[in-house]
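**Q** Before anything else, here's the structure in question.
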C-alpha cells in the first residue's frame, strides 16, 4: 500500500466524460489498496470564462474579488469528481483549499503557501476515503480565499505530497513526460525516464511548457519526488528527483527552444557607474523579466547593453526604458525575430567541451550566434528565429540525444 | 443613516448587465449615507446547470457534494457584484456564507441556521464597506459547506438582518410586492402596503410564489420587519411585520389560488382506531405534505378520508399509500382537476360571516365546494380547477379587495 498524491490538469477534467475517465483511473489505483489524495484544476476554459465575466462588470477588479471568483472553477471540479467516484461506488469526499487547510500569505492572485494543516484530510484518508482537493487555491489567516497563480495546481499537489509524506506524487497533464526536445520539432526526441530538479528547473525557465519553475523549486526544497505523465494513456512518464543516475558520457539531458523572446540592444550609453543599474531598475519596477544580459565596453567608454525580454512584455519594456534612456543617454533597438536555444544537463558540471560542441554544430549549420549565456548546467544562445528548429535538430543529434 | 440588508434574487442578477443595474441601485442607497449588507442569489439558471452536470456524472450524488457544488453559484455572484461596485468607485467586499459566519446544522441541502458570527462583517461594515453576502449557503461546525434549501437566500437576508440588528430588510424579487390576488388572474388586484407575518405565512403556504414560509416564520420569530419589492423598478413594495394597522371592516387581506394540488379520497376504510394514523404515517415517511384533511364516518363504521397533496408528489403518494391500504383496507382515488382557493385575513379572528360570504359568492357563481378547511385567519375550499380563476375574481370582489 502506498500513499499517493495525483494531480489532474484542466484538459484532463474538461467535461463530464473526461471527469468520469479520471474517476475510473482513480478507482483502479485505489482498488490496488493505495491511499489517494487527488488534486484537480478547473475545467479547461472555465477560468477564462470567469475572467471575461469579471472584466465585463469591472475593468480593474480587486485581486481579492478575483480570487473569490476564480476559486469556484476548482470547487466545481472537486464536487463533480467526488460525485463521479461515488457513482462508481468509491467513497470519495471533496475539499476546497480552505477545507484542506492550505494556508497562504495574503498576496491575492499569486499567494505563497505558508503552511498546510492536514488534520481533517488525514482523518478522512485513514477512514479509507479518496480525497479530492481543489488545486490553485488556499485561504489566508483572515479566512479570505487566495489563489496561487499560474501552475498553482501543480504546487498544491507537491505541497500536499510534502505535508502528508506521500510515497508518490503524480502530475497528470496533456503531455506524457519530459522530452529531450520538443517532439513536434525534433522527430527523434525521446522521453526521459528521469530528470533532476535542477535540469527540470532550467527547462521550465527556458520555455518548456510542462511545468512552472515554482512547483519544481518547491519540490526540490522539500525533496518531493514526482512523476509527470499523461492522463490520456497508461504510459510511464518522467520522474523528477534530486539525483539522477546517468552515464558519465551523458552531458546534455535536453534541448529547449524559446521563441517568445525579444532581443533588446541599448547602444551608446556613457559608461558611468550606475548607468546599467538605472536601466535594469526601470525594467524591474515594471516587473519585466530580463535574461541573458551582456555588456560590452567599447572605445572611449561607450558601452552597449544587450539582453532579452519575453515577447509579451516588449511593449511594456519600450515604455519602461524611455525615461531611463533620457537620463543615461543611449538608444534602444528591439529585435523580435530571435529565439533562444538552450542545452541543459547536470553532466556539464564536470565536463568541458559542451559549449565548443554546441557552437561548432551551429556554425556547421550556418547559424549565427547573437548572444551567449551560460550557467553551471546550461548553455543558451540567441539565434535567428527562422533557424531555431534547424538548430534544435542539429544540437539534439550532436549530443546523441536521439540514441540511448 | 440606516443599516439596511437587501436581498436580490436570481433573476435580478441573471447576467452581467443586470448585475451592473443592481450595483447602481446599491451605490445610490449607500450614497445616501446608509450601511449596506447585500445578499445575492446565484444567477438565474446556474443552479439548474450545475444540477444537470452533477446528474451527468452520478445519478445519486451525496448531498454533501451537492452542497459543495451548488455553493459556487452564489460565490460567483458575490464576486461579480462586488467587482461591479468597485468599477463604480464603491468600496465593496464579498463574503461567502462561511466568511459571513453563517453557521448551520449538518443537514446538507436543507440546513437550518444555528448561529451567525458576524464579527468580521461588522468590522467591514463599520469601515464603510458595502458587504455582499452569498445567499442560500452556510458552513457547519466541521467546516463543510451547507445549503439552506428552497428560498434559502431570503432566509440568509432575514437572519443577517436579525443578527446585525438592521433597521430595514428589503427582499428584491421579480414581483413588486404582495397583491390581494394574482394580478394575472384578477385584474383589479391591488398591491398591499402592509401585511402581517401570519397573513403572509398563510399566503406563502397557499401557493403565493412570493416567498417560502420558513423565511417568514424566521422573520416572525425574530421580529424582522421586511419589505418585498421589485429590483426592476422603484415602486414601493409590501412591508411585512407583526402588527398591521387596518380598518375594522377589512376582513380579508387577499385571495390565493393553488392549482398545484391533487385531491385524494380514500374510501371504505374500516373505522378502527389507528387506521387514519397508518395512512398519514405512510405519507409522512415519504415526506409528502398533506393538507385539508377531512374524515367522514358513515354508516356501519365505514369511513372516508379526503385530503390534498402537492401535484408534484402525487405519484409518490400513490406508491406510499399502497402498503398502508393493504393493511387498513380501503381504496384510493386521485383527482388532479382541482384547485385550492383561500381567503386570508387577520380580521377574521374577530368577525364572523366571512365563511358565509365566501360560500354564498361561490354558490352564486355556480361553483361547487368539494372540501372546506378553516383556520383562525383563513378559509380554504377545494373546487374544480377550471373554475378557480372565476372563483378568485368573484371572491376578490365580494370582499371589496378591488376598492380602498
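Residue numbers (our numbering), protein chains in the order written: chain A, 23 to 426; chain B, 23 to 426.
Where a beta carbon is used, it is the ideal one built from N, C-alpha and C, also for glycine.
Since the model is a prediction, treat every value here as computed from it, not as a measurement.
Below 8 Å on the Cβ atoms is my contact criterion, and I expect residue 339 (chain A) with residue 286 (chain A) to pass it. Report the Cβ-Cβ distance as a whole number of Å.
**A** Within the first chain, the letter at position 317 stands for residue 339 (chain A). Within the first chain, the letter at position 264 stands for residue 286 (chain A). Contact flag correct, Cβ pair sits at about 7 Å.
**Q** Could you pull out every residue in the same chain whose Cβ sits closer than 6 Å to the Cβ of residue 137 (chain B), ignoring the five residues on either side in sequence?
**A** Counting from one through the second chain, the residue named residue 137 (chain B) turns up at place 115. 125, listed in sequence order.
**Q** Does any residue of chain A bring its CB to less than 8 Å from the CB of residue 165 (chain B)?
**A** Here residue 165 (chain B) corresponds to residue number 143 of the second chain, with the count starting at 1. Yes, residue 165 (chain B) lies at the interface with chain A (some Cβ there is under 8 Å from its Cβ).
**Q** What residue range is occupied by the uninterrupted beta strand (DSSP E) comprising residue 159 (chain B)?
**A** The residue you call residue 159 (chain B) lines up with position 137 of the second chain. First-last of the beta strand (DSSP E) with residue 159 (chain B): 159 to 161.
**Q** Nearest-angstrom Cα distance between residue 367 (chain B) and residue 240 (chain B)?
**A** To locate residue 367 (chain B), count along the second chain from 1; it is residue 345. To locate residue 240 (chain B), count along the second chain from 1; it is residue 218. Going from the Cα of residue 367 (chain B) to the Cα of residue 240 (chain B) covers about 20 Å.
**Q** Between which two residues does the beta strand (DSSP E) carrying residue 260 (chain A) extend?
**A** Here residue 260 (chain A) refers to the residue found at position 238 of the first chain. Taken as a continuous stretch (DSSP letters only), the beta strand (DSSP E) holding residue 260 (chain A) covers 260 to 263.
**Q** Residue 276 (chain A) by DSSP, collapsed to three states: which one?
**A** Here the question's residue 276 (chain A) lines up with position 254 in the first chain. Residue state, collapsed to three classes: strand.
**Q** Among B:83, B:312, B:45, which has the Cα closest to the Cα of residue 80 (chain A)?
**A** For the purposes of this step, residue 80 (chain A) is taken as residue 58 along the first chain, with counting starting at 1. When each option's Cα is compared against that of residue 80 (chain A), the closest is B:45.
**Q** Within its chain, find whatever has a CB closer than 8 Å to the CB of residue 310 (chain A); leave out the 5 residues flanking it on each side and keep chain order.
**A** In the first chain, the residue the question calls residue 310 (chain A) occupies position 288. These residues qualify, in order along the chain: 331, 332, 335, 338, 339, 342.
**Q** Does the contact criterion of 3 or more C-beta pairs under 8 Å hold for the stretch 138 to 148 of chain A versus the stretch 187 to 205 of chain A?
**A** No contact exists between the stretch 138 to 148 of chain A and the stretch 187 to 205 of chain A.
**Q** Going along the chain, which residues of the stretch 69 to 100 of chain B sit with their C-beta nearer than 8 Å to a C-beta in chain A?
**A** From the stretch 69 to 100 of chain B, only 72, 75, 76, 78, 79, 80, 81, 82, 83, 84, 86, 87, 88, 90, 91, 93, 94, 97, 98, 100 have a Cβ closer than 8 Å to chain A.
**Q** Return yes when the Cβ of residue 182 (chain A) is within less than 8 Å of the Cβ of residue 27 (chain A), no when it is not.
**A** On the first chain, residue 27 (chain A) is found 5 positions in, with the first residue counted as 1. On the first chain, residue 182 (chain A) is found 160 positions in, with the first residue counted as 1. For residue 27 (chain A) and residue 182 (chain A), yes; Cβs fall inside 8 Å.
**Q** Can you pull the chain A neighbours of residue 105 (chain B), defined as C-beta to C-beta under 7 Å?
**A** In the second chain, residue 105 (chain B) corresponds to position 83, counting from 1. 76, 79, 80, 83, 87, listed in chain order.
**Q** Would DSSP call residue 343 (chain A) helix, strand or coil?
**A** Sequence index remark: in the first chain, residue 343 (chain A) carries index 321 (1-based). In the structure shown, residue 343 (chain A) sits in a helix (DSSP, three-state: H, G or I).
**Q** Can you list the residues of chain B that residue 42 (chain A) reaches, using a CB-CB cut of under 8 Å?
**A** Walking along the first chain from the start, residue 42 (chain A) turns up at place 20. Those are 79, listed as they occur along chain B.
**Q** Count Cβ pairs between the stretch 382 to 400 of chain A and the stretch 296 to 303 of chain A that sit closer than 8 Å; are there 3 or more?
**A** No: fewer than three Cβ pairs fall under 8 Å.
**Q** Going along the stretch 397 to 424 of chain B in order, which residues come within less than 9 Å of chain A, judged by CB to CB distance?
**A** Flagged: no residues at all.
**Q** Cα separation between residue 275 (chain B) and residue 97 (chain A)?
**A** Locating residue 275 (chain B) in the second chain gives position 253, where the first residue counts as 1. Locating residue 97 (chain A) in the first chain gives position 75, where the first residue counts as 1. Cα-Cα distance, rounded: 46 Å.
**Q** Note down the Cα distance separating residue 25 (chain A) from residue 249 (chain A), rounded to an integer number of angstroms.
**A** Counted from its first residue, the first chain places residue 25 (chain A) at position 3. Counted from its first residue, the first chain places residue 249 (chain A) at position 227. If you take the alpha carbons of residue 25 (chain A) and residue 249 (chain A), they lie about 14 Å apart.
**Q** Using a Cβ distance threshold of 8 Å, determine whether the stretch 84 to 97 of chain B contacts the stretch 99 to 106 of chain A, with at least three qualifying pairs required.
**A** Judged by Cβ distances under 8 Å, the stretch 84 to 97 of chain B makes contact with the stretch 99 to 106 of chain A, as three or more pairs qualify.
**Q** Buried or exposed: residue 117 (chain A), going by 16 or more other Cβ atoms within 10 Å of its Cβ?
**A** In the first chain, counting from the first residue as 1, residue 117 (chain A) sits at position 95. Residue 117 (chain A) is buried by the Cβ-count criterion.
**Q** How big is the Cα-Cα spacing for residue 396 (chain A) and residue 246 (chain A)?
**A** Stepping through the first chain from its first residue, residue 396 (chain A) is reached at position 374. Stepping through the first chain from its first residue, residue 246 (chain A) is reached at position 224. Roughly 27 Å between the two C-alpha positions.
**Q** For a cutoff of 8 Å on Cβ pairs, would you count residue 59 (chain B) as touching chain A?
**A** Position 37 of the second chain, counted from the first residue, corresponds to residue 59 (chain B). With 8 Å as the cut-off, residue 59 (chain B) does not count as an interface residue toward chain A.
**Q** Under the assumption that residue 122 (chain B) contacts residue 155 (chain B) (Cβ atoms under 8 Å), give the Cβ distance between them as a whole number of angstroms.
**A** Residue 122 (chain B) sits at position 100 when you count from the first residue of the second chain. Residue 155 (chain B) sits at position 133 when you count from the first residue of the second chain. Going by Cβ atoms, the distance from residue 122 (chain B) to residue 155 (chain B) rounds to 5 Å, so yes, they are a contact pair.
**Q** Could you give the C-beta distance for residue 23 (chain B) and residue 56 (chain B), rounded to a whole number, given that I count them as a contact under 8 Å?
**A** Start at 1 with the first residue of the second chain, and residue 23 (chain B) comes out as number 1. Start at 1 with the first residue of the second chain, and residue 56 (chain B) comes out as number 34. 6 Å between Cβ atoms; contact.
**Q** For the alpha helix (DSSP H) that residue 244 (chain A) lies in, which residues bound it at each end?
**A** Here residue 244 (chain A) is taken as the residue at index 222 of the first chain, counted from 1. Element bounds for residue 244 (chain A): 235 to 244.
**Q** To test your reading of the DSSP string, which unbroken alpha helix (DSSP H) runs of 4 or more residues are found completely within the stretch 66 to 147 of chain B?
**A** Here the runs fully enclosed are 68 to 79, 85 to 109.
**Q** Give, in chain order, every unbroken run of the alpha helix (DSSP H) that is at least 4 residues long and sits entirely within the stretch 337 to 399 of chain B.
**A** Segments of the alpha helix (DSSP H) lying fully in the stretch 337 to 399 of chain B: 376 to 386.
**Q** What are the partner residues of residue 27 (chain A), as DSSP defines its beta bridges?
**A** The residue given as residue 27 (chain A) occupies position 5 in the first chain. DSSP lists A:59, A:191 as partners of residue 27 (chain A).
**Q** Report all residues from its chain with a CB closer than 6 Å to the CB of residue 357 (chain B); omit the five preceding and five following residues, and keep chain order.
**A** As a position in the second chain, residue 357 (chain B) is number 335, starting the count at 1. Closer than 6 Å at Cβ, skipping near neighbours: 285.
**Q** Can you give me, in chain order, the residues of the stretch 270 to 287 of chain B that have a beta carbon less than 8 Å from any beta carbon in chain A?
**A** Answer in chain order: no residues at all.
**Q** Would you say residue 52 (chain A) reaches chain B, if we count a Cβ-Cβ gap shorter than 8 Å as a contact?
**A** Taking the first chain and counting its residues from 1, the one referred to as residue 52 (chain A) is at position 30. With 8 Å as the cut-off, residue 52 (chain A) does not count as an interface residue toward chain B.
**Q** Using a beta-carbon distance cut-off of less than 9 Å, what residues from the stretch 361 to 375 of chain A approach chain B?
**A** Listed by position, the residues of the stretch 361 to 375 of chain A near chain B (Cβ gap below 9 Å) amount to none.
**Q** So residue 116 (chain A) contacts chain B; which residues on that side make the cut at Cβ distance below 9 Å?
**A** In the first chain, the residue the question calls residue 116 (chain A) occupies position 94. Those are 86, 87, 90, 91, listed as they occur along chain B.
**Q** Here's the rule: buried if 16 or more other CB atoms are within 10 angstroms of the residue's CB, otherwise exposed. What is residue 292 (chain A)?
**A** For the purposes of this step, residue 292 (chain A) is taken as the residue at position 270 of the first chain. It is exposed - the Cβ of residue 292 (chain A) has fewer than 16 other Cβ atoms within 10 Å.
**Q** On a Cα-Cα basis, can you pick out the residue from B:253, B:220, B:196, B:382 that is closest to residue 232 (chain B)?
**A** Mapped onto the second chain, residue 232 (chain B) falls at position 210. Residue 232 (chain B) has its Cα closest to that of B:196, out of B:253, B:220, B:196, B:382.
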